[in-house]
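S.K.: Residue numbers (numbering that gives the first Met the number 0), protein chains in the order written: chain D, 0 to 118; chain G, 0 to 167; chain S, 0 to 329; chain R, 0 to 97.
Glycine is no exception: its CB is placed at the ideal position from the N, C-alpha and C atoms.
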Amino acid sequence: MEVLGLYNYFVFAVLLMVGLYCILARTNIIKSLIGLTIFQAAVFLLYISMDKIDGGTAPIILEGVEDQVFANPLPQVLILTAIVVGISTTALALAVTVRIKEAYGTIEEDKIQEMDRET
Amino acid sequence: MDLLLDIASAVLLLTGGFLVFVGGVGVMRMPEFFTRMHAASVTDTGGAALILAGLMLQGGLTLVPLKLAAIFLFLFLTSPTASYALANAALLSGVATACRNQTGKQLPEDRMDPPSAPNSENSLAAEAPAPKTVARKSAKKAAPKRPTKKAAKKPAKKSAKKAARKKS
Amino acid sequence: MITIVFSLFLLTMLVIVAVAILRTDNLFTAVMLSGIFSLIMAANFFILDAADVALTEAVIGAGISTVLFLSALALTAEYDRSPPVGTWVPLLTSSALGGVIIFATFQAPRLGDPNAIVHKHVAPWYLERTPELIDVPNVVTAVLASFRGYDTLGEVFVVFIACIGVMSLLGRVRPRRDSIEEGEFEKRSDNLRHHLIPRVVGKMLVPFIVLFGLYVQFHGDFGPGGGFQAGALIAAGVILYALVEGGPRGRELVPEWFSSMLVALGALTYTAVGVVSMMRGGRFLDYSALSHDPIHGQHMGILIIEAGVGMTVAGVMITIFHAFSRRGIR
Amino acid sequence: MEWVYFGTCIAILITMVLAVVRGLMGPTIFDRVLAVNMFGTKTVLFIAVMSFLSGRPDFLDLALAYALINFIGVFAVLLFFQSRGVRREAEAEREAGK
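#1: Relative to the C-alpha of L19 (chain D), which candidate in D:G104, D:I82, D:V83 and D:A41 has its C-alpha closest?
#2: How would you call L63 (chain R), buried or exposed, if buried means at least 16 neighbouring beta carbons within 10 angstroms?
#3: If distances are taken between C-alpha atoms only, which option among S:I46, S:R325, S:S6 and S:V14 comes closest to E251 (chain S)?
#4: Measuring alpha carbon to alpha carbon, tell me which residue in S:G98, S:V155 and S:G273 is nearest T88 (chain D).
#5: If you run the structure through DSSP and keep just helix, strand and coil, what is G225 (chain S)?
#6: Taking Cβ positions, are D43 (chain G) and T7 (chain R) nearer each other than 7 Å?
#7: Answer with buried or exposed for H118 (chain S), where buried requires no fewer than 16 other C-beta atoms within 10 angstroms of its C-beta.
#8: Taking C-beta to C-beta, are A38 (chain G) and G25 (chain G) nearer than 7 Å?
#9: Taking the alpha-carbon positions, what's the E305 (chain S) to Q75 (chain D) distance?
#10: Compute the Euclidean distance between the alpha carbons of P247 (chain S) and A102 (chain D), then round it to the nearest angstrom.
#11: Please classify N137 (chain S): does DSSP put it in a helix, a strand, or coil?
#12: Taking only beta-carbon atoms, is M316 (chain S) less than 7 Å away from chain R?
#13: So what does T56 (chain D) bridge to, in DSSP terms?
#14: Mind checking if R21 (chain R) is an interface residue toward chain D, Cβ cutoff 7 Å exclusive?
#15: Under 7 Å Cβ-Cβ, which residues of chain G neighbour H194 (chain S)?
#16: So, at 6 Å on beta carbons, what are the nonlocal neighbours of L62 (chain G) in its own chain, with the 5 sequence-adjacent residues on each side left out?
#17: Could you name the residues of chain D that G97 (chain S) contacts, counting a contact when the two beta carbons are closer than 7 Å?
#18: Say whether chain R places a C-beta atom closer than 7 Å to the C-beta of P222 (chain S).
#19: Just reading off the alpha helix (DSSP H) that D150 (chain S) is part of, what are its end residues?
#20: In the DSSP assignment, what are the bridge partners of E107 (chain D)?
#21: Cβ of V253 (chain S) within 7 Å of Cβ of G201 (chain S)?
#22: From the DSSP output, in three-state form, read off N25 (chain S) for me.
#23: First and last residue of the alpha helix (DSSP H) that includes A69 (chain G)?
#24: Spatial neighbours of D134 (chain S) within its chain, please: CB distance less than 6 Å, with the 5 preceding and 5 following residues excluded, ordered by chain position.
#25: Any beta-carbon of chain D closer than 7 Å to the one on D134 (chain S)?
#26: Please confirm if I11 (chain R) has its CB atom under 7 Å from at least one CB of chain G.
#27: So which residues on chain D does R31 (chain R) lean against when the C-beta distance must stay under 8 Å?
#28: Evaluate A142 (chain G) with the Cβ neighbour count: other Cβ atoms within 10 Å of its Cβ, from every protein chain shown; 16 or more gives buried, anything less gives exposed.
#29: In whole angstroms, give me the CA-to-CA distance for H194 (chain S) and A84 (chain G).
#30: Classify S348 (chain S): buried if its beta carbon has 16 or more other beta carbons within 10 angstroms, exposed otherwise.
#31: Helix or strand or just coil, what does DSSP make of G25 (chain R)?
#32: Can you tell me whether DSSP reads G296 (chain S) as helix, strand or coil?
#33: Please state whether DSSP places G111 (chain S) in a helix, a strand or coil.
#34: Taking the alpha-carbon positions, what's the F184 (chain S) to L60 (chain G) distance?
#35: Assuming S137 (chain S) contacts I59 (chain D) under a Cβ cut-off of 8 Å, what Cβ separation, rounded to an integer in Å, is found between them?
#36: Are the C-beta of G54 (chain R) and some C-beta of chain S separated by less than 7 Å?
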């Protein structure tokens with residue numbers, strides 16, 4: 000039963016590995032960006048799985064009910080803004096990728112490095 | 000009265016769940032695309048309607064049944080539209096239908112694992128483009144024709160494209 | 000007990016989809032699978048009692064991110080033509096890192112363990128003091144807007160700068176001579192106008208989507224919602240219109256100058272509230288000084304800065320989408 | 000009533016797994032789009048039943064947002080698929096023109 004409680008953290012570690020492998024092994028820039036979003040999502044999962052309390056509910060206080068146990072609001076605030084910041088930086092990275100494609104004609108890193116070595 | 004509501008919503012929820020499950024199995028077992036689409040629509044309309052109705056009974060007289068009705072109305076509007084647009088795009092892209100084969104080519108499968116044969120290069124390129132782009136020449140001549148007439152012109156269009164590719 | 004069963008289900012699905020994203024060669028498939036990935040992630044957040052984050056992840060992860068990746072794919076290749084380069088070294092490093100992390104998590108507290116350290120020090124203070132100080136039901140919005148308003152201001156400016164970056168990268172379009180003339184290309188490709196049914200239903204739903212976005216915006220104090228989610232929802236509505244009607248019509252609906260002005264206005268509103276509260280004797284971004292009764296001041300302050308955040312995020316998403324779709328004509 | 004919600008949630012989850020498997024195996028691109036569309040609808044139902052199961056029925060506007068996002072996602076995919084056809088057409092023509 001013990002391992003079951005830590006399952007979230009195991010999935011966090013595996014997603015981290017998948018994201019990292021995707022960034023390292025694949026030379027296509029957009030594929031690495033998707034790997035980056037997986038990597039990011041794994042970190043979000045870690046934070047949010049920390050805020051769970053047995054029998055707790057989302058931290059929205061209802062007037063009527065008295066003794067409510069609430070999940071921890073702080074990691075949620077952190078992750079809420081982190082998602083928006085993450086999408087903005089991904090959009091910036093995609094814009095750079097589009098310009099790379101127009102400049103080099105390809106978005107495979109190895110070909111781009113060859114072109115740089117030539118010039 | 001309360002027990003009656005519980006029983007009714009239990010029946011609705013369980014049949015809805017069963018319908019959703021049937022749709023899921025249907026999507027897995029159907030032979031090709033269009034029959035799968037039919038199976039998926041079973042779960043979308045039937046399963047969703049029953050489950051949301053079952054939940055409405057449980058909601059009592061608060062705002063909750065109103066929200067459920069909004070969700071149902073929204074799903075009721077969007078699922079058929081999405082299925083229609085998807086089926087239209089699939090049909091015009093030459094996905095072979097089990098029953099009749101008027102559009103001709105079976106869309107080549109692009110499996111997940113890295114393709115051994117080099118045909119992955121043009122496995123997607125080989126599809127015919129969507130109707131509006133059938134041929135620049137025809138587009139210039141007349142306003143975009145109805146899709147059915149275009150389907151007949153499609154084989155001529157594809158051979159022209161292959162010739163162009165062989166030439167370049 | 001129930002959440003353990005469901006989270007087991009969803010987390011394994013999460014890993015399967017992640018591995019599938021890794022293995023596909025077709026970028027188009029990878030983007031669609033990342034849409035599914037975000038939806039599973041949002042369902043997970045919902046099970047872990049994080050309603051606000053689930054809404055944000057769904058709206059941004061499954062909605063805006065898919066649209067952005069697809070419009071970027073339209074401008075670049077759809078195929079990941081490169082065979083994986085020497086799979087041994089990356090495999091070794093990532094599995095080593097994973098192994099270390101898994102080893103490290105053995106000391107971590109069990110999921111939902113009430114006496115975990117996380118719930119001990121800072122969190123209870125916020126849960127108790129919010130009803131007294133700010134009296135807003137949604138503690139997450141209270142912490143986001145008021146207790147840590149300065150941080151959120153920083154995030155708004157990060158989004159603002161990202162938008163400026165994208166606009167400078169994909170700015171003014173000077174179509175090359177030999178590219179197909181704009182009218183011809185636009186008419187043919189960029190919209191679903193010839194699909195009658197999707198066009199009618201799409202245009203019919205856009206006002207309700209924007210209305211729902213505004214509802215989420217001003218409902219942020221009482222239920223899951225707030226500026227970030229509302230901005231993304233309103234942008235999603237405008238993007239739906241642009242998808243159905245085509246780029247130029249979309250730019251007519253929300254012109255360029257309007258969406259970039261919206262971005263600037265949102266950030267300006269946020270900062271203006273801080274300056275006003277300073278002028279009225281409080282500290283920067285201390286909303287209690289905004290009106291005679293501190294609680295009422297907090298409510299007003301939170302409402303205004305959430306509107307500012309909503310404006311900025313909506314403006315940024317619309318500007319970025321237009322920058323990508325306009326780039327398509329080159 | 001508890002076990003009714005639980006049973007429905009299990010049925011929906013199994014269908015989600017089937018949709019993901021169809022999304023991974025799907026031979027053609029359209030099967031994957033179908034899988035994404037079906038998965039989105041199932042998440043809507045899952046959130047609705049789950050909010051009743053956890054006793055917080057005021058989270059239903061999350062489900063509405065999911066349905067909306069799923070709809071926009073499918074449209075974006077179809078538009079991309081169609082404009083890609085035009086782009087290949089334009090490139091083929093440009094090569095032919097050169």
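M.R.: Result, derived from the coordinates:
#1: As a working note, residue 19 (chain D) is residue 20 in the first sequence. Measuring from the Cα of L19 (chain D), the nearest candidate turns out to be D:A41.
#2: One-based indexing of the fourth sequence puts residue 63 (chain R) at position 64. Buried, because 16 or more other Cβ atoms sit within 10 Å of the Cβ of L63 (chain R).
#3: Position 252 of the third sequence, counted from the start, is the residue given in the question as residue 251 (chain S). Taking only the C-alpha atoms, the option nearest E251 (chain S) is S:R325.
#4: As a first step, residue 88 (chain D) is located in the first sequence; it is residue number 89 there, counting from the start. If we check each option's Cα against that of T88 (chain D), S:V155 comes out closest.
#5: Locating residue 225 (chain S) in the third sequence gives position 226, counting from the first residue. Reduced to three states, the DSSP call for G225 (chain S) is coil.
#6: In the second sequence, the residue the question calls residue 43 (chain G) occupies position 44. In the fourth sequence, the residue the question calls residue 7 (chain R) occupies position 8. No, they are not a contact pair.
#7: Translated into the one-based positions of the third sequence, residue 118 (chain S) becomes position 119. When all chains shown are included, H118 (chain S) counts as buried.
#8: By 1-based counting over the second sequence, the position of residue 38 (chain G) is 39. By 1-based counting over the second sequence, the position of residue 25 (chain G) is 26. Yes; because the gap between Cβ atoms is below 7 Å, this pair is in contact.
#9: The residue you call residue 305 (chain S) lines up with position 306 of the third sequence. The residue you call residue 75 (chain D) lines up with position 76 of the first sequence. Rounded to the nearest angstrom, the two C-alpha atoms are 17 Å apart.
#10: Position 248 of the third sequence, counted from the start, is the residue given in the question as residue 247 (chain S). Position 103 of the first sequence, counted from the start, is the residue given in the question as residue 102 (chain D). Taking the straight line joining both Cα atoms gives about 26 Å.
#11: If you number the third sequence from 1, residue 137 (chain S) lands on position 138. In this structure, N137 (chain S) counts as strand in the three-state DSSP scheme.
#12: Here residue 316 (chain S) corresponds to residue number 317 of the third sequence, with the count starting at 1. It does not; no Cβ of chain R falls within 7 Å.
#13: Here residue 56 (chain D) is taken as the residue at index 57 of the first sequence, counted from 1. DSSP output for T56 (chain D) lists D:F69 as bridge partner(s).
#14: The residue labelled residue 21 (chain R) in the question sits at position 22 within the fourth sequence. Chain D contact via Cβ: absent.
#15: As a first step, residue 194 (chain S) is located in the third sequence; it is residue number 195 there, counting from the start. What H194 (chain S) touches in chain G: A84 and N87.
#16: Counting from 1 along the second sequence, the entry for residue 62 (chain G) is found at position 63. Nothing meets the Cβ criterion.
#17: Reading the third sequence from its first residue, position 98 is the one you call residue 97 (chain S). Within 7 Å Cβ-Cβ: A12, V13, L15 and M16.
#18: Position 223 of the third sequence, counting from 1, holds the residue named residue 222 (chain S). In the sequence as presented, Pro is not what sits at residue 222 (chain S); that position holds Gly. So yes, G222 (chain S) belongs to the interface.
#19: Locating residue 150 (chain S) in the third sequence gives position 151, counting from the first residue. Its alpha helix (DSSP H) spans residues G148 to L168.
#20: If you number the first sequence from 1, residue 107 (chain D) lands on position 108. Per DSSP, D:N27.
#21: Taking the third sequence and counting its residues from 1, one reaches residue 253 (chain S) at position 254. Taking the third sequence and counting its residues from 1, one reaches residue 201 (chain S) at position 202. Not closer than 7 Å, so no.
#22: Working through the third sequence from its first residue, we reach residue 25 (chain S) at position 26. Strand, per DSSP.
#23: To locate residue 69 (chain G), count along the second sequence from 1; it is residue 70. Looking at the DSSP string, the run of the alpha helix (DSSP H) that includes A69 (chain G) is V63 to L91.
#24: Taking the third sequence and counting its residues from 1, the one referred to as residue 134 (chain S) is at position 135. The residues are I294.
#25: On the third sequence, residue 134 (chain S) is found 135 positions in, with the first residue counted as 1. Closer than 7 Å: no.
#26: Looking up residue 11 (chain R) in the fourth sequence gives position 12. By this cut-off, I11 (chain R) is an interface position.
#27: In the fourth sequence, the residue the question calls residue 31 (chain R) occupies position 32. Under the 8 Å cutoff, chain D gives no residues; its nearest Cβ is about 15 Å from R31 (chain R).
#28: Position 143 of the second sequence holds residue 142 (chain G). In this prediction, A142 (chain G) has a pLDDT of 42, which is less than 50 and means its spatial position is unreliable; what the coordinates show is noted afterwards. Counting Cβ neighbours within 10 Å, A142 (chain G) comes out exposed, since fewer than 16 surround it.
#29: As a first step, residue 194 (chain S) must be located in the third sequence, where it is residue number 195. As a first step, residue 84 (chain G) must be located in the second sequence, where it is residue number 85. Each residue's Cα considered, the two are about 7 Å apart.
#30: No answer is possible for residue 348 (chain S): the residues shown for chain S start at 0 and end at 329.
#31: By 1-based counting over the fourth sequence, the position of residue 25 (chain R) is 26. Of the three classes helix, strand and coil, the one that applies to G25 (chain R) here is coil, per DSSP.
#32: Working through the third sequence from its first residue, we reach residue 296 (chain S) at position 297. It is helical.
#33: Here residue 111 (chain S) is taken as the residue at index 112 of the third sequence, counted from 1. Residue state, collapsed to three classes: strand.
#34: Translated into positions along the third sequence, residue 184 (chain S) becomes position 185. Translated into positions along the second sequence, residue 60 (chain G) becomes position 61. Note that F184 (chain S) scores 49 on pLDDT, short of 50, meaning its location in the model is unreliable; the coordinates nonetheless yield the value given after this. For F184 (chain S) and L60 (chain G), the distance between alpha carbons rounds to 54 Å.
#35: Counted from its first residue, the third sequence places residue 137 (chain S) at position 138. Counted from its first residue, the first sequence places residue 59 (chain D) at position 60. The residue you asked about is not Ser; residue 137 (chain S) is Asn in the sequence shown. About 5 Å separates the two Cβ atoms, so the contact holds.
#36: Locating residue 54 (chain R) in the fourth sequence gives position 55, where the first residue counts as 1. False, the Cβ-Cβ gap to chain S never drops below 7 Å.
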